[in-house]
Amino acid sequence: MLIDDKEWHQSPDFLLEAEALLAKSVECLNHLNLIKNDRDAIDCMLSTLLKLAEKTDALALRSTAEFSRQVHALLDHSHPHPDMNEQILDTLGECFSLMAWQLELVDPVTGQLNLDGNEQATLIESLAVQVDPLPASLSCQQNSFNVFSIAKRNA
2 MLIDDKEWHQ SPDFLLEAEA LLAKSVECLN HLNLIKNDRD AIDCMLSTLL
52 KLAEKTDALA LRSTAEFSRQ VHALLDHSHP HPDMNEQILD TLGECFSLMA
102 WQLELVDPVT GQLNLDGNEQ ATLIESLAVQ VDPLPASLSC QQNSFNVFSI
152 AKRNA
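Residue numbers (my numbering): 2 to 156.
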């Protein structure tokens, strides 16, 4: 969904605010690369991801907002927070790089963002498996079972 031109032009600082929030998330990530599992850095990253989702959602950049929320949810719903190992940190870096590209590609006049969601979906799936591999593998097994059951019924 796109916002109208009038609404977009009333928020010229949006991209600067979103870029600042993303930069703060990257700072938290860099901190976690130095000091593994620092709760303050994890909490900072989580709150910044929510703020970024709110900003992008307010201006109808739904894909970026949803991506930010999904990353937040994967990290926040792991109790305690997941072990921020190198693989998770690398994937988070890739997520933030994609978000940066999304913000860069927003048309500054219309606010339109045209993108293919495949890379976003791949990164979310990868992060989900790294954060909590057991439910993801169970989910795959259940999906395979359902497909098999439908195929068997149709035979």
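Ideal placement from N, C-alpha and C gives every residue a C-beta, glycine not left out.
Proximity of residue i and residue j at Cβ, strictly below 9 Å
{"i": "Leu-90", "j": "Val-72", "result": "no"}
{"i": "Gln-103", "j": "Leu-116", "result": "yes"}
{"i": "Leu-76", "j": "Val-27", "result": "no"}
{"i": "Arg-70", "j": "Leu-51", "result": "yes"}
{"i": "Met-100", "j": "Leu-53", "result": "yes"}
For residue j and residue i, the rounded distance between their alpha carbons
{"i": "Ser-127", "j": "Glu-120", "result": "10 Å"}
{"i": "His-32", "j": "Ala-66", "result": "24 Å"}
{"i": "Ser-98", "j": "Val-130", "result": "20 Å"}
{"i": "Gln-113", "j": "Val-107", "result": "6 Å"}
{"i": "Glu-55", "j": "Leu-17", "result": "14 Å"}
{"i": "Asn-34", "j": "Cys-45", "result": "14 Å"}
{"i": "Ser-64", "j": "Val-110", "result": "18 Å"}
Original post:
Do the segment 16-23 and the segment 74-89 make contact, defined as three or more Cβ pairs closer than 8 Å?
Top reply: no
**OP:** Report the residue ranges of all alpha helix (DSSP H) runs contained in full by the segment 20-68; include only those spanning at least 4 residues, in chain order.
**Re:** 40-59
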